[in-house]
Ligand code: ADP
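Numbering (our numbering), first residue to last: 48 to 316.
So this is what it looks like as structure tokens:
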């Protein structure tokens with residue numbers, strides 16, 4: 048039997064506890080486009096995994112499978128599994144309620160997208176969806192989420208002001224706080240700094256690294272330096288396939304697949 052090319056990468060991380068595992072995942076958009084092809088990928092627990100690859104390779108599509116964003120549009124279809132551990136529930140299974148999945152798997156988008164509400168209400172929103180009504184409990188959770196997002200000191204005296212009064216970088220940290228408030232098991236970041244200036248970007252990168260110690264993070268980035276700086280594992284995708292997965296440092300310095308090497312040396316993408 049010929050060896051599976053993805054096996055060495057998987058074997059190297061057998062000792063790392065997994066938070067999730069993508070298994071033979073295919074994804075089809077409603078128009079029939081197959082955007083993901085047989086993805087197998089371990090998601091190590093409480094580490095930062097970066098997804099890189101040229102535009103259109105399927106990074107965002109894969110990220111959005113984890114919290115069932117694709118279910119917001121009719122006709123999109125998954126095949127295969129994303130097992131969430133320890134229970135092993137299949138996140139893309141028909142039996143899983145997408146609303147429940149989104150409470151367990153938080154997401155932050157490219158452009159900061161706070162609700163047109165106060166700073167406080169933005170963070171409280173996810174808790175209210177969870178059915179939490181007790182004001183003291185919500186107050187404490189809002190403060191904790193804002194502290195984890197490194198925003199508390201800047202906003203604690205103006206929690207009732209509109210989220211739109213904040214700078215772009217602060218708004219993005221607010222969106223991170225909003226995603227963290229329900230205590231998700233995985234945090235998905237879809238190019239979270241692409242709309243920000245270099246200083247705001249550096250703050251978010253520091254924050255993401257800090258959060259990566261306590262929560263499992265998946266980040267899509269077109270910025271290879273960013274992937275190299277903040278992630279411990281990197282997945283390189285091409286035309287809907289996972290070409291290579293491994294420790295970030297190894298993947299950037301000693302890629303095993305020629306396509307990975309071509310991409311990281313800037314020969315396409
Ligand atoms: P990336 O995030 O790597 O730039 P995407 O996941 O956005 O790539 O896209 C992967 C593929 O899926 C591309 O070929 C893209 O054109 C296609 N695609 C993305 N969104 C849709 C959609 N809503 N309907 C049909 N095809 C789509």
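Using N, Cα and C, we set each Cβ at its ideal position, and we do this for glycine too.
Contact annotation: the stretch 229-243 touches the stretch 155-167, with at least three C-beta pairs closer than 8 Å. Using a cutoff of 7 Å, the CB of residue 106 counts as near the ligand ADP, since one of the ligand's heavy atoms is closer than that. Per DSSP, the unbroken beta strand (DSSP E) holding residue 82 starts and ends at 81-91. In the structure shown, the three-state DSSP call for residue 126 is strand.
For residue 169, the enclosing alpha helix (DSSP H) covers residues 166-176. For residue 66, the enclosing beta strand (DSSP E) stretches over residues 65-75. The C-beta of residue 306 has 16 or more other C-beta atoms within 10 Å across all chains shown, which makes the residue buried. By the C-beta density criterion, residue 278 is buried, having at least 16 other C-beta atoms within 10 angstroms. The shortest CA-to-CA distance from residue 82 to any of 63, 64, 67 and 124 is the one to 124. In this structure, residue 231 lies near residue 153, with their beta-carbon atoms less than 8 Å apart. Around the beta carbon of residue 272, a 10 Å sphere encloses fewer than 16 other beta carbons of the protein chains shown; the residue is thus reported as exposed. For residue 244, the Cβ stays outside the 7 Å cut-off from all heavy atoms of the ligand ADP.
Under the DSSP definition of a beta bridge, residue 137 partners with 130. In the same chain as residue 115, and ignoring 5 residues on each side of it, the C-beta atoms closer than 6 Å to its own belong to 145 and 148, in chain order.
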